[in-house]
Amino acid sequence: MSNGRALIVVDVQKDFCEGGSLAVTGGGNVALAIKEFIAENEGRWDHVVATRDYHIDPGSHFSENPDFVDSWPPHCVVGTEGAQFHPNFDPRVASAIFDKGAYEAAYSGFEGHSGEEELASWLRGNGINTVEVVGLATDHCVRATAVDAAREGFTTSVLLNLTAGVNPDTIASALAQMRHEGVELQGEPVGA
Ligand SMILES: [Zn+2]
Numbered sequence: 001m002s003n004g005r006a007l008i009v010v011d012v013q014k015d016f017c018e019g020g021s022l023a024v025t026g027g028g029n030v031a032l033a034i035k036e037f038i039a040e041n042e043g044r045w046d047h048v049v050a051t052r053d054y055h056i057d058p059g060s061h062f063s064e065n066p067d068f069v070d071s072w073p074p075h076c077v078v079g080t081e082g083a084q085f086h087p088n089f090d091p092r093v094a095s096a097i098f099d100k101g102a103y104e105a106a107y108s109g110f111e112g113h114s115g116e117e118e119l120a121s122w123l124r125g126n127g128i129n130t131v132e133v134v135g136l137a138t139d140h141c142v143r144a145t146a147v148d149a150a151r152e153g154f155t156t157s158v159l160l161n162l163t164a165g166v167n168p169d170t171i172a173s174a175l176a177q178m179r180h181e182g183v184e185l186q187g188e189p190v191g192a
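The sequence shown begins at 1 in the UniProt record's numbering and counts up one residue at a time.
Below you can see the structure in the form of structure tokens.
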């Protein structure tokens, strides 16, 4: 029986931090806090993995007149600076990086691939049964990633102090959904 633990760092990218095209308030601080948390907790996880929103042509996910629910300003386009990890986060701590959303909206890291491999099978193949989720944004990609982790059968926690969200209302509904799906919420959300 596998009993490994992984940290999933969601979308700590320049476009989701201050100065980016779809900035989340506090994003840069969250990136730094994640880096420090990883450095201070060596041995807590068997693996750290990271996800990236990594768009080429995601269709209606991008809009000139975004509703900030289903459509968004262009962000995290492959080859642009905004798609890069925020400099406060060092991706060299990650055993693997999972890219999602090349040609569609993809909020969950479980839609992502590292080469040919999907996140769920990668985690299982590495003996992981427990995941902790941190990153950006609480109400969108962190929410979707944590919900999918729980649905895939992983024991799942979100460390809210290491997340930041877009909007207090959608953060509140995200927290409710995650609880409903059996995700353990630790700490207090930033931005709520
Ligand atoms: Zn996106």
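No residue lacks a Cβ here, since even glycine has one placed at the ideal position from N, Cα and C.
- Under the DSSP assignment, A39 falls outside any beta strand (DSSP E), being part of the alpha helix (DSSP H) whose first and last residues are 27–40.
- Taking 6 angstroms as the cut-off, the C-beta of G101 counts as close to a heavy atom of ligand 1.
- When the beta-carbon positions are compared, L136 and G27 come within less than 7 angstroms of each other.
- For S21 against P74, the beta-carbon gap comes to about 6 angstroms, under 8 angstroms, which counts as contact.
- For L119, the enclosing alpha helix (DSSP H) stretches over residues 119–125.
- Judged by DSSP secondary structure, I171 falls within the alpha helix (DSSP H) whose first and last residues are 168–180.
- Short note on D53: C-beta closer than 6 angstroms to some heavy atom of ligand 1.
- As summarised for the stretch 72–100, the continuous beta strand (DSSP E) elements at least 3 residues long and confined to that stretch are 96–100, given in chain order.
- Only exposed fits Y103, as fewer than 16 other CB atoms lie within 10 angstroms of its CB.
- For R151, there is no enclosing beta strand (DSSP E); the enclosing alpha helix (DSSP H) has its first and last residue at 143–151.
- With a 10 Å radius around the Cβ and a threshold of 16 neighbouring Cβ atoms, S60 comes out exposed.
- Taking a 10 Å sphere around the C-beta of I56, we find fewer than 16 other C-beta atoms and assign the residue as exposed.
- When Cβ pairs closer than 8 angstroms are counted between the two stretches, the stretch 113–124 is seen not to touch the stretch 62–81, the count staying below three.
- According to the DSSP secondary-structure assignment, R52 is paired through a beta bridge with D99.
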